[in-house]
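Residue numbers (the working numbering): 61 to 236.
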Amino acid sequence: MLRWALARVALLVPVLLIVSIGTFLLVELVPGDPAVQVLGPNSTRADYEHVRAEMGLNEPLAQRYLTWLSDIVLRQDLGDNLVPPVEPVSDRLLRAFPVNIELALLALVMSLAISIPLGILSAHKEGSALDRWVTASTFGMISVPTFLAGIVLILVLASQWELFPVGQWARLREEG
Numbered sequence: 061m062l063r064w065a066l067a068r069v070a071l072l073v074p075v076l077l078i079v080s081i082g083t084f085l086l087v088e089l090v091p092g093d094p095a096v097q098v099l100g101p102n103s104t105r106a107d108y109e110h111v112r113a114e115m116g117l118n119e120p121l122a123q124r125y126l127t128w129l130s131d132i133v134l135r136q137d138l139g140d141n142l143v144p145p146v147e148p149v150s151d152r153l154l155r156a157f158p159v160n161i162e163l164a165l166l167a168l169v170m171s172l173a174i175s176i177p178l179g180i181l182s183a184h185k186e187g188s189a190l191d192r193w194v195t196a197s198t199f200g201m202i203s204v205p206t207f208l209a210g211i212v213l214i215l216v217l218a219s220q221w222e223l224f225p226v227g228q229w230a231r232l233r234e235e236g
């Protein structure tokens, strides 16, 4: 058992390395120059070159990857957000963490409150129309990607039915 666990952990290292290379390359392949995004299109050539040097964009791709990876692994530095307000990415993630936990717990409670009674009813009336409906709707919902379901639910519940505002978050105990 220990040997199996150690083999799995050993396989984790190359997988994480491949994922990190893929992530870095995807960010590198995004059209546009980060220096132009930071400065805007009306900046001088000297400002542009200064920002590129400051951000390490003049370095070779492999050097930028190694710097990026060592910053993340050794210093736990995820870098700075380029979209104003400019701040460390880790600060922004830490601010969003409580909201994500609250949303996850709320989703868990709601899914359990719906699925357990439906599962009990479905098991109690095995083979009935209710059982077939619960089974079919469950398979249907599982087959929809969560990002697509989220977009559709926002469009229907927030935009069309106006049950809550689009793009805002208020804690459950807050008004408005």
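For each residue, glycine too, the CB sits at the ideal point set by N, CA and C.
Check	Outcome
G82 - containing alpha helix (DSSP H), residue span	62–89
Assigned secondary structure, D140 (DSSP; H/G/I helix, E/B strand, else coil)	strand
Whole-number beta carbon distance between L99 and V111, since they are thought to touch under 8 Å	6 Å
Which listed residue (A167, V159, L178, V149) has its alpha carbon closest to that of A230	V159
Inter-residue spacing [alpha-carbon to alpha-carbon] between P74 and A67	12 Å
Rounded separation between I161 and A106 - CA only	45 Å
Rounded separation between D131 and Y108 - CA only	24 Å
8 Å Cβ cutoff met for R152 and N141	yes
Pairwise C-alpha distance: R192 and P177	15 Å
Extent of the continuous alpha helix (DSSP H) run through T198	189–203
A156 burial status per 10 Å Cβ neighbour count (16 or more: buried)	exposed
Buried versus exposed call for S175 [16 or more other C-beta atoms within 10 Å across all chains shown]	exposed
Inter-residue spacing [alpha-carbon to alpha-carbon] between Q220 and L77	44 Å
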